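The numbering used here puts the sequence shown at residues 48 to 118. Worksheet: one structure, shown below.
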Amino acid sequence: MRPAHYTDDDLEQHSLRRRVADDGQRSGFEHDVDRILYSTQWRALAGKSQVVASSELGAYHTRLTHSMKVA
């Protein structure tokens, strides 16, 4: 069953099927990690800052470092 708001082209473009040939050297998990780490959206987090209380000035994090810390 597919959601009605997606076209066949959308499903093909964003399918979860493996688009990378299985080279036998890296697991699917490693491919997924690389997709995240090298994505534009992930790198954009580096320029965003978290809001911190004035009493916690030593604990300043960007959204990128915060995401990595809590993951």
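Yeah, the Cβ is synthetic: ideal placement off N, Cα and C, and Gly gets one too. Since we're looking at a predicted model, the values are computed, not measured.
Range of the contiguous alpha helix (DSSP H) that encloses residue i
i      : result
His78  : 75-84
His113 : 110-117
Ala93  : Taken as a continuous stretch (DSSP letters only), Ala93 belongs to no alpha helix (DSSP H), as it is neither H nor E.
Simplified DSSP state of residue i, which is helix, strand or coil
i     : result
Gln88 : helix
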